[in-house]
């Protein structure tokens with residue numbers, strides 16, 4: 007199914023600021039509480055939150071094979087499990103409903119009062135129930151910089167990085183929605199001027215701006231997924247902050263990798279953007295590194311996603 011929602015010329019009848027991160031071409035998915043304390047799956051265009059559960063009950067998704075309660079959930083898991091054909095059909099329909107040339111909902115005042123919310127009328131939730139997650143060391147710049155913290159510059163990037171996906175299992179139970187305050191972790195450190203390990207709060211809490219992949223339809227145990235089929239298993243992308251206590255990490259990471267230094271909190275944005283929407287609509291960068299043939303994509307390229315971290 008083609009993705010008409012990505013049409014760069016499409017405009018919405020909802021107000022969208024020219025600098026908005028949520029034009030009609032975006033259509034992310036998330037979960038929120040409404041002003042009536044009803045939990046629903048929704049999306050956002052401009053500064054307007056859209057209740058997909060209400061849209062579905064009002065018949066706006068007629069013709070798409072969806073269960074009655076598919077959007078009346080406290081997570082995206084069931085929707086994600088329906089597969090890419092459903093994701094694309096729903097995104098295309100949302101784009102059609104809110105297209106500037108479509109007046110079906112635009113001129114129905116009663117339906118708009120049920121479906122549309124200001125952002126200050128909703129409370130975003132964690133978008134998915136996470137059974138497990140793996141943190142990959144996938145940026146050469148990040149891997150090199152962190153390596154310099156723990157080793158000399160000549161050995162910052164270890165040899166295996168160029169040949170296998172380097173990663174470790176994170177702690178899914180401490181993933182929280184972005185914006186929730188966290189506690190400074192306590193643990194063992196071994197400062198350079200110390201003669202024995204010390205226990206106390208971390209003095210080197212760091213943040214990591216990362217991109218998380220939300221996956222679906224897990225393969226059977228022992229059954230590999232070929233690289234050229236990977237897109238079938240990835241629902242979307244979401245920004246993530248993997249908090250790190252570097253002084254604790256430096257002392258504990260040998261030989262089995264991060265533990266308490268990385269599992270005290272991971273902040274996750276509440277909106278999930280579609281993978282294929284980004285890949286098909288954005289710039290592409292050629293794959294420059296020579297990697298193992300098992301990891302080599304046939305197109306030798308990757309989507310370019312520009313992110314920026316800022317804080318006070």
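Residue numbers (our numbering): 7 to 318. Built from N, CA and C at the ideal position, the CB exists for glycine as well. This one's a predicted model, so the numbers in the text were calculated from it and none came from an experiment.
Exercise. Measure the CB-CB distance between residue 44 and residue 82 and report whether it falls below 8 Å.
Key: Inclusion of residue 44 and residue 82 in the CB contact set at 8 Å is not warranted, their separation being larger than that value.
Practice problem: Out of 72, 128, 95 and 88, point me to the one whose CA is closest to residue 54's CA. | Solution: It is 128.
Self-check item: Proximity below 8 Å, CB of residue 99 to CB of residue 70
Solution: In this structure, residue 99 sits near residue 70, with a CB-CB distance shorter than 8 Å.
Quiz item: Which word fits residue 116, buried or exposed, when buried means at least 16 other C-beta atoms lie within 10 angstroms of its C-beta?
Solution: Exposed: under 16 other Cβ atoms inside 10 Å.
Quiz prompt | Of the listed residues 253, 149 and 163, nearest to residue 200 (C-alpha basis) | solution = Comparing alpha-carbon positions, the option among 253, 149 and 163 lying closest to residue 200 turns out to be 253.
Quiz prompt | Burial state of residue 85 (16 or more Cβ within 10 Å) | solution = With 16 or more Cβ atoms within 10 Å of its Cβ, residue 85 is classed as buried.
Quiz item: Can you check whether the CB of residue 276 is closer than 8 Å to the CB of residue 2?
Solution: In the structure displayed, the chain extends from 7 to 318; residue 2 sits before or after that span and is not available.
Quiz item: Which residue from 50, 10, 273 and 262 puts its Cα closest to that of residue 173?
Solution: When each option's Cα is compared against that of residue 173, the closest is 262.
Practice problem: Would you list the one or two residues that DSSP bridges to residue 2? | Solution: Since the displayed the chain opens at 7 and closes at 318, residue 2 lies outside it and no answer follows.
Quiz item: residue 79: which of 92, 60, 64 and 67 sits nearest, CA to CA?
Solution: Taking only the C-alpha atoms, the option nearest residue 79 is 60.
Quiz item: Which first and last residues belong to the beta strand (DSSP E) in which residue 247 is found?
Solution: Residue 247 -> beta strand (DSSP E) spans 240-248.
Practice problem: Determine, using beta carbons only, whether residue 36 comes closer than 8 Å to chain C. | Solution: In the structure shown, chain C cannot be found, because there is only a single protein chain.
Quiz item: Who are the Cβ neighbours of residue 108 in its own chain at under 7 Å, not counting the five residues just before and after it?
Solution: Excluding the 5 residues flanking it on each side, residue 108 has same chain C-beta neighbours closer than 7 Å at 102, in chain order.
Quiz prompt | Check whether residue 222 and residue 241 have beta carbons under 8 Å apart | solution = Taking 8 Å as the Cβ cut-off, residue 222 and residue 241 qualify as a contacting pair.
Self-check item: C-alpha gap between residue 167 and residue 138, whole angstroms
Solution: Roughly 23 Å between the two C-alpha positions.
Quiz prompt | Close Cβ partners of residue 163 (< 8 Å) along its chain, the five nearest in sequence each way excluded | solution = If we look at residue 163 and ignore the five residues flanking it on each side, its Cβ neighbours are 146, 149, 150 and 153.
Quiz item: Where does residue 192 sit, in a helix, a strand or coil, going by DSSP?
Solution: Secondary structure at residue 192: strand, using DSSP grouped into helix, strand and coil.
Exercise. Note the first and the last residue of the continuous beta strand (DSSP E) segment covering residue 142.
Key: Run containing residue 142: 140-142, per the beta strand (DSSP E) assignment.
Quiz item: Given that a residue counts as buried once 16 or more other Cβ atoms are within 10 Å of its Cβ, and exposed if not, what is residue 155?
Solution: Its Cβ having fewer than 16 others within 10 Å, residue 155 is exposed.
Practice problem: Return the first residue and the last residue of the alpha helix (DSSP H) that residue 258 is part of. | Solution: Where residue 258 is concerned, the enclosing alpha helix (DSSP H) starts and stops at 252-258.
Quiz item: Residue range of the beta strand (DSSP E) that residue 122 falls in?
Solution: If you look at residue 122, you'll find it in the beta strand (DSSP E) that goes 122-124.
Exercise. Give me the Cβ distance between residue 266 and residue 191, rounded to the nearest whole Å; I'm assuming they're in contact under 8 Å.
Key: A Cβ-Cβ separation of about 7 Å places residue 266 in contact with residue 191 under the 8 Å criterion.
Quiz prompt | residue 165 to residue 231 span [Cα, whole Å] | solution = Whole-angstrom Cα-Cα distance: 25 Å.
Quiz item: Are residue 213 and residue 171 close, meaning C-beta to C-beta below 8 Å?
Solution: The answer is no: Cβ separation not under 8 Å.
Quiz prompt | Alpha-carbon to alpha-carbon, residue 14 and residue 4 | solution = The structure shown has nothing for residue 4, since the chain only spans 7 to 318.
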